[in-house]
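Numbering (the working numbering), first residue to last: 4 to 1119.
Where is the CB? At the ideal position from N, CA and C, for every residue including glycine.
If you're wondering where the values come from, they're calculated on a predicted model, not measured in any experiment.
To start, the structure under review is shown below, and the notes come after it.
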């Protein structure tokens, strides 16, 4: 029996639900209906007394459900086994019931008492499954039973059962919304749960039931931030999205001052209006009001809880789950200060190596980000190049990103890419590429003519679609400068015989009609041809023929009067009512009669009015009002259940609502140990090696406690060093620290301590303990071990760590002989969250005794170099000054600036700019200071200290730092006095964006070998007779670029007995200030002044510009 029915089931597995199955019986040779005995073998097995048969039957039934087959007719046989004592059978029965309880509600209700008994089962899986089945029965009668079960499960000892209770809450809420108040109480209870298993599920229930009750999150905010790293991936996504909305309601906008300045700097103008409409008095009043508002605003200091959220989500950028990375990216984009958002770019680019579905979502979000924060993705431009294997949707999105990233420095590279894409076989992609070229030409005026010429060449392409799309884009570009391009209009007029795509034909006719005065001979002939084929044209083309006829009638009625009347008569009887209406309208307007009204006088103004050039904008321009990563952002329409991202508050809400009282029962020593572990954790490798650390005034709140503990550790280390017995000194220092901690705990708020103690995760602590044990094994003596342990547990600052390193190596000596190497070693160990790691191994010495030229040459010095060659000293030429503010524009105040080529001590990633202020007026100038306005994405500025008073005829100087992000784009700033504001811009030459680095000749050649191919640029030149000697070449190159001379490497070349070669190669090395990319320059001289200049650089744009500057310096 069982074999026969199994055969039938296998044969008829694909038949639709509800139909009678028919099978062929090999014995009888007849066709019969099998409905009456369907699944009989399974029913028999379920009715048997053997648990093994029941288990086998349930496995087969669950497998059927997994394959999508209907097993609902087995419900009565399965539900009988809900009281089975075998746990394995019971679990599978519950799996089945969860699937079919909603469909077979009456039968499920019969077993409700069994489910209630299951809620008391000692096995946590059975309790959870019983609750899951109970919440799946969608009958309002059992709502009180469900509510009681959820309340009990919320207090269950097992976190798995509590998690299931959190999942049941939204189900009950959708069944009976009136239970909301009781459910909120359960949610509040579960939010206080400290288990990672429950956190994600309860936040999901919170989002479904009461997302507006933000007050429930206050007390649990810090706990959720600290648990985040250990929650399962989908829980992380839900929590991060919820905390994004929470942060937008509780913290101030970290970019508020920047956005205010931007708004003040670029006032919106009316489309057709002009600036003359506004009176000067009104303008001055507005400026004064803006200045007063900015003056009143306090300097921004980031809330410690805001910083806690950013710090604890940052490691999740390395998650293997794309949804988690995307959630963290949108959180940083919506919440982080502008200088810190760049950290997400690398993680998002990594996701582009994933499946096409993931790529599609990521690229949608990147396209939106690149409109507001373009500089963030500029270093990863090549990651958005299109592969032939990409689907069309991905190609078009990558095109969008490339177009958004285009600027003056990289446009040549991007246009070369576009040129290749046009040859693709994918026609939709080719059309999108041509549109992208048009947008680049619109946005970047310098390449407009180049793009236009390239598009005109495409008009001779064999593919009609390419030609048609080119015509449409050319039409838009010609509207910007029509008088310069009459030849192109004539060329396009000839295409009307060949192009058949309606949109392209319509665009050509519109161009000829709009600029008919530029082609007076061709336009009438085009109208004659179009009149012949009028009846066969598409509607869009017919409308443009009518427009062309009307415009020519008004400008050249002698030649086109009869043609116009003929076209209007044809249109009068057209099938399309739009064309008929247009014909009547035009006839009354251009052919005045007694009946025609006053409008006919203005026909020329109506038809031949100057029309504004179209603005080719990205379709992603206005999408950022949706939360990134959401379905609404993807669809560009509000989806069901979408919650708007709240606006930033005007004033900061009370931060004390997030304070949680610490229970007194917690032992004192546990807090100390967790604090020590947290400090030890900071000795790990930095999260990202690039210049992505958090910086600026926002960290002041975080660094207070660290600095206090650092001073304690320094004093403790001094005590332990001076004592004769290491063990006693360590015990003493530890006891002193415990006493100090106890005293501090009375003064400092308990809530802050709680949040700090939970910062480090358990997993990282375990790893750290292993690392410390390994260090202990490697130590030589027990006393050294104890000293190193005390040092590592108590020191957090850079100085105390350096002392610990010295103790390990040489306990007697107190001053390390080679500090450069020490600093190098410590830089790789530091992982302070608020510390910005250097991007290159070179260290800027702090000592002010060294001269500036020596400081620059000591950068990057490694201990392998025994002798510092004299040729490493950078020749200091006269510094070139640039005018920042003319005395006429500045009303007597003139400002000049130059690049001093000295390290900017507050921030090594900034270029030092020396400013010289001169007061040429008769009155004194007060409160001179600088403000950053309209900085490119990623740029940072460190303003000079305010000059309170500059007397008449006096001069003053100041130094400020600017991080140009390895770009020659100008930093637009605002120079303010007590009465006036002046908009100024500082644009660096490419040679000032680098700093010298010391390399030996062998190191230079090795690095040069790794920067070949596209990273190498070579130019030949002839040196002037005056500049053929070594001194002149070195002076010219180092004046053009801030580089260091590479000394000769071999003994033969450098020894005094052997003369130098006749035609040496002069080598120079440096690194870019921001990213630390190597820049290598070689000037190889030859016979009769012939020389070859070679530049090797990772950044192609910088290399190209540097070649031009050095060529100019050597040949002018």
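- The bridge partners DSSP lists for residue 1069 are 1086.
- One alpha carbon belongs to residue 616, the other to residue 448, and they sit about 14 Å apart.
- DSSP places residue 567 in the uninterrupted alpha helix (DSSP H) bounded by 560 to 575.
- Relative to residue 422, the option among 1073, 964, 100, 438 whose CA is nearest is 438.
- Going by C-alpha positions, residue 910 is about 13 Å away from residue 962.
- Contact check for residue 563 against residue 552 passes: the beta carbons are separated by less than 8 Å.
- Cβ neighbours of residue 959 within its own chain (closer than 7 Å, five residues either side excluded): 920, 950, 953.
- The Cβ neighbour count for residue 138, taken over all protein chains shown within 10 Å, is at least 16; the residue is labelled buried.
- Membership of residue 97 in the alpha helix (DSSP H) is indicated by the continuous run 90 to 103.
- A distance below 6 Å between beta-carbons, with the five flanking residues on each side excluded, links residue 595 to the following residues of its chain, in chain order: 603.
- Distance from the CA of residue 387 to the CA of residue 244, rounded to the nearest whole angstrom, comes to 27 Å.
- Residue state for residue 985 is assigned as strand, using DSSP reduced to three classes.
- 343 is the residue among 343, 302, 303, 304 whose C-alpha sits nearest the C-alpha of residue 317.
- Residue nearest to residue 80 within the set 44, 70, 88, 91 is 44 (criterion: CA-CA distance).
- In the three-state DSSP reduction, residue 964 falls in the strand class (E or B).
- At least 8 Å separates the beta-carbon of residue 510 from that of residue 470.
- Residue pairing by DSSP puts residue 920 in a beta bridge opposite 898, 959.
- Shown here, residue 388 sits in coil according to DSSP, grouped into three states, outside any helix or strand.
- When DSSP states are grouped into helix, strand and coil, residue 903 belongs to the strand group.
- Assignment of residue 42 by DSSP, reduced to helix, strand and coil, places it in the coil class.
- By the criterion of a C-beta distance shorter than 6 Å, residue 56 is surrounded in its chain by 48, once the five residues flanking it on both sides are discounted.
- Residue pairing from DSSP places residue 977 in a beta bridge opposite 934, 986.
- Sequence-distant Cβ neighbours of residue 512 in its own chain, meaning closer than 8 Å and more than five residues away, are 499, 529, 533, 544, 547, 548, 550, 551.
- Nearest neighbour of residue 996 by Cα position, chosen from 986, 1028, 905, 1067, turns out to be 905.
- Across the set 1024, 128, 1001, 193, the C-alpha of 1001 shows the shortest separation from the C-alpha of residue 1070.
- Scanning its chain for C-beta atoms nearer than 6 Å, with the 5 sequence neighbours on each side dropped, one finds around residue 332 the residues 347, 351, in chain order.
- Here the region 307 to 322 makes no contact with the region 363 to 370; the two share fewer than three CB pairs at distances below 8 Å.
- No Cβ-Cβ contact shorter than 8 Å links residue 1047 with residue 1087.
- One alpha carbon belongs to residue 1074, the other to residue 1003, and they sit about 15 Å apart.
- Just so you know, the alpha carbons of residue 956 and residue 895 end up roughly 10 Å apart.
- Assignment of residue 1075 by DSSP, reduced to helix, strand and coil, places it in the strand class.
- Judged by their CB atoms, residue 130 and residue 122 are nearer to each other than the 8 Å cut-off.
- The straight-line gap separating the alpha-carbon atoms of residue 1037 and residue 1044 is approximately 11 Å.
- In this structure, DSSP gives residue 1047 an extended state, which the three-state scheme calls strand.
- By the 16-neighbour rule on beta-carbons within 10 angstroms, residue 42 is buried.
- DSSP places residue 609 inside the alpha helix (DSSP H), whose first and last residues are 606 to 610.
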